[in-house]
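Enquirer:
In this note's numbering, the protein residues as written are 4 to 123.
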């Protein structure tokens, strides 16, 4: 954004902040889950290519974990749609739209990991 352009509306900024947080929470949740959604046998490094070395058996995800992931994905879709469909974008010249959206992402991004985990 340049000085001549108006700032983003507060509700749009808040939506983008919530979207950043939802993405961070989703990534963190997935990182704690078994590597395979369905139960699957692991393998030794020499049996298949693996940049991680030996891969242990995966017990798969529980029904609760699958439901949590689906709920998180639904929230991400809802927030993404709300940000992309916000009325503010109609006031931005077409040739500036991509730059403006990138600026919104930068402006609303939390400064550090502690800010991501704070409640919205």
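By construction, the Cβ of each residue, glycine as well, lies at the ideal position given by its N, Cα and C atoms.
Keep in mind the model is a prediction, meaning the values are calculated, not measured.
Starting from residue 83, follow its DSSP beta bridges and name the residues at the other end.
Expert: Against the chain shown, residue 83 aligns to sequence position 80. Paired residue(s): none; residue 83 is not in a bridge.
Enquirer: Please state the DSSP three-state secondary structure of residue 72.
Expert: Looking up residue 72 in the chain shown gives position 69. Here residue 72 sits in helix by DSSP.
Enquirer: I need the straight-line Cα distance from residue 44 to residue 37, nearest angstrom please.
Expert: Start at 1 with the first residue of the chain shown, and residue 44 comes out as number 41. Start at 1 with the first residue of the chain shown, and residue 37 comes out as number 34. Roughly 12 Å separates the two Cα atoms.
Enquirer: Expressed to the nearest angstrom, what Euclidean distance is found between the alpha-carbon atoms of residue 62 and residue 112?
Expert: Locating residue 62 in the chain shown gives position 59, counting from the first residue. Locating residue 112 in the chain shown gives position 109, counting from the first residue. Computed Cα separation, rounded: 35 Å.
Enquirer: Which same chain residues, not among the five before or five after residue 56, have their C-beta less than 7 Å away from its C-beta?
Expert: To locate residue 56, count along the chain shown from 1; it is residue 53. Within the same chain, residue 56 has close Cβ partners 48.
Enquirer: In this structure, does DSSP put residue 46 in helix, strand or coil?
Expert: For the purposes of this step, residue 46 is taken as residue 43 along the chain shown, with counting starting at 1. If DSSP states are grouped into helix, strand and coil, residue 46 belongs with the strands.
Enquirer: Could you say which of 31, 59, 13 lies nearest to residue 42 if we only look at CA atoms?
Expert: In the chain shown, counting from the first residue as 1, residue 42 sits at position 39. Taking only the C-alpha atoms, the option nearest residue 42 is 59.
Enquirer: State the start and end residues of the unbroken alpha helix (DSSP H) segment that holds residue 23.
Expert: The sequence position of residue 23 within the chain shown is 20, counting from 1. First-last of the alpha helix (DSSP H) with residue 23: 13-34.
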